[in-house]
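Enquirer: Everything in the sequence shown is counted per my numbering, starting at -15 for the first residue and increasing by one.
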Amino acid sequence: MLRCGHIESATALAKEMDVQDIVDLEVFNKVEKVVDALLNKDTGPCLEWIVEHRSKLRRMNSKLEQIVRVQLMGLIALCANNSVPAYKELLSEQRWQSLADLFRQEVFTLYQLPRQSAFAVCLQCGLSAYKTPHCSPGGVERCPTCQPCAYALAEGLPYAHTVNSRLICSYSGEALNEENHPMMMPDGRVYGEKAIRELQVRFERFASAFTIVNIGGIDCV
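#1: Any idea what DSSP makes of residue 24, helix, strand or coil?
#2: Consult DSSP for residue 13 and reduce its assignment to one of helix, strand or coil.
#3: Between which residues of its own chain and residue 73 is the CB-CB distance below 8 Å, once the five residues before and five after are set aside?
#4: Using CA atoms only, rank isn't needed, just tell me which of 76, 11, 83, 85 is closest to residue -14.
#5: So if DSSP puts residue 135 in a beta bridge, which residue, or which two residues, is it bridged to?
#6: Taking a contact to mean a Cβ-Cβ separation below 8 Å, would you say residue 122 touches residue 130 in this structure?
#7: For residue 33 and residue 96, what's the separation of their Cα atoms in angstroms?
#8: Quick one: Cα of residue 188 to Cα of residue 133, how far?
#9: Residue 83 and residue 22: beta carbons closer than 8 Å?
#10: Closer than 8 Å is the cut-off here; do at least three beta carbon pairs connect the region 48 to 68 with the region -13 to -5?
#11: When the Cα atoms are used, what is the spatial distance from residue 152 to residue 111?
#12: Please list the terminal residues of the continuous alpha helix (DSSP H) segment that includes residue 1.
#13: Nearest to residue 116 by alpha carbon, out of 92, 147, 98, 87?
#14: Can you find the residues in the same chain that come closer than 8 Å, C-beta to C-beta, to residue 199, ignoring five residues on each side of it along the sequence?
#15: Report the residue from 145, 77, 75 whose alpha carbon sits nearest the alpha carbon of residue 109.
#16: Taking the beta strand (DSSP E) that residue 54 belongs to, which residues open and close that run?
#17: Roughly how many angstroms lie between the CA atoms of residue 172 and residue 185, to the nearest whole one?
#18: Using the C-alpha atoms, what's the distance from residue 183 back to residue 156?
#19: To the nearest whole angstrom, what separates the beta carbons of residue 177 and residue 164, a pair I think is in contact under 8 Å?
#20: Can you name, in chain order, every residue of its own chain whose Cβ lies under 8 Å from the Cβ of residue 89, other than the five neighbours on each side?
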């Protein structure tokens, strides 16, 4: 929550759980104020923060101060509606966003904080266990990795190591095995026997169109 800028909510939760002493509330509160100022095209708070931590930034070989001062000089020297491509990019909204992102990265490095939260790391571990080569944004509704918001985290992760393949009924989501035999419909789609029997009960039209018969000890549709 702190990394996403929800300072008030994170503070309230920390107080409720009585963990204020082990959460960097003050650090992230200052960070969010500087980020908000940068997104509003104000370099003042950022320069104040740089002056306060200049010695540590120098030991890090940080280029943040140089980049911020270049941005400041651009504001002074150039008008807002400058049409020169090189200068226009310097004053663009994307430039301010990248400057805010750079500031966050420098803060994480300065305070030796991981670039990703513990929650994001745990979530990626879970997504990696489900990821397959067939996963894509919006691919399968019930697949957690295919959810558009989750796929952004899972895109660069390795695929799950699966020794034995498992067939899943696309209708019920249950595994296809000796207790739920896979059955192929005339259109080539494969469903579980339980799903077909359920559809026969729920929809009279489906029951009249398809029946399950046993041929040579094998159930067939």
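Yeah, the Cβ is synthetic: ideal placement off N, Cα and C, and Gly gets one too.
Expert: With the given structure in hand:
#1: The sequence position of residue 24 within the sequence shown is 40, counting from 1. If DSSP states are grouped into helix, strand and coil, residue 24 belongs with coil.
#2: For the purposes of this step, residue 13 is identified with residue 29 of the sequence shown, where counting begins at 1. It is helical.
#3: Taking the first residue of the sequence shown as 1, we reach residue 73 at position 89. Around residue 73: 79.
#4: Position 2 of the sequence shown, counting from 1, holds the residue named residue -14. That would be 11, whose Cα lies nearest to the Cα of residue -14.
#5: Taking the first residue of the sequence shown as 1, we reach residue 135 at position 151. According to DSSP, which records beta bridges pairwise, residue 135 is partnered with nothing at all.
#6: Walking along the sequence shown from the start, residue 122 turns up at place 138. Walking along the sequence shown from the start, residue 130 turns up at place 146. Yes.
#7: Against the sequence shown, residue 33 aligns to sequence position 49. Against the sequence shown, residue 96 aligns to sequence position 112. Taking the straight line joining both Cα atoms gives about 17 Å.
#8: The sequence position of residue 188 within the sequence shown is 204, counting from 1. The sequence position of residue 133 within the sequence shown is 149, counting from 1. Their backbone Cα atoms lie some 39 Å apart in a straight line.
#9: Against the sequence shown, residue 83 aligns to sequence position 99. Against the sequence shown, residue 22 aligns to sequence position 38. In contact: residue 83 and residue 22 (Cβ atoms closer than 8 Å).
#10: no
#11: Residue 152 sits at position 168 when you count from the first residue of the sequence shown. Residue 111 sits at position 127 when you count from the first residue of the sequence shown. So the two alpha carbons sit approximately 18 Å from each other.
#12: Indexing the sequence shown from 1 puts residue 1 at position 17. Where residue 1 is concerned, the enclosing alpha helix (DSSP H) stretches over -9 to 1.
#13: The count along the sequence shown starts at 1 and reaches residue 116 at position 132. Considering only alpha carbons, the answer is 147.
#14: Residue 199 sits at position 215 when you count from the first residue of the sequence shown. With a pLDDT of only 43 at residue 199, under the threshold of 50, the placement of this residue in the model should not be trusted, and no figure is reported.
#15: Here residue 109 corresponds to residue number 125 of the sequence shown, with the count starting at 1. Comparing Cα-Cα distances from residue 109 to each of 145, 77, 75, the minimum goes to 145.
#16: If you number the sequence shown from 1, residue 54 lands on position 70. Per DSSP, residue 54 belongs to no beta strand (DSSP E); it is in the alpha helix (DSSP H), 48 to 61.
#17: Here residue 172 corresponds to residue number 188 of the sequence shown, with the count starting at 1. Here residue 185 corresponds to residue number 201 of the sequence shown, with the count starting at 1. Answer to the nearest angstrom: the Cα atoms are 22 Å apart.
#18: For the purposes of this step, residue 156 is identified with residue 172 of the sequence shown, where counting begins at 1. For the purposes of this step, residue 183 is identified with residue 199 of the sequence shown, where counting begins at 1. Rounded to the nearest angstrom, the two C-alpha atoms are 11 Å apart.
#19: Taking the first residue of the sequence shown as 1, we reach residue 177 at position 193. Taking the first residue of the sequence shown as 1, we reach residue 164 at position 180. Their Cβ separation, rounded to whole angstroms, is 6 Å, which keeps residue 177 and residue 164 in contact under 8 Å.
#20: To locate residue 89, count along the sequence shown from 1; it is residue 105. Result list for residue 89: 99, in chain order.
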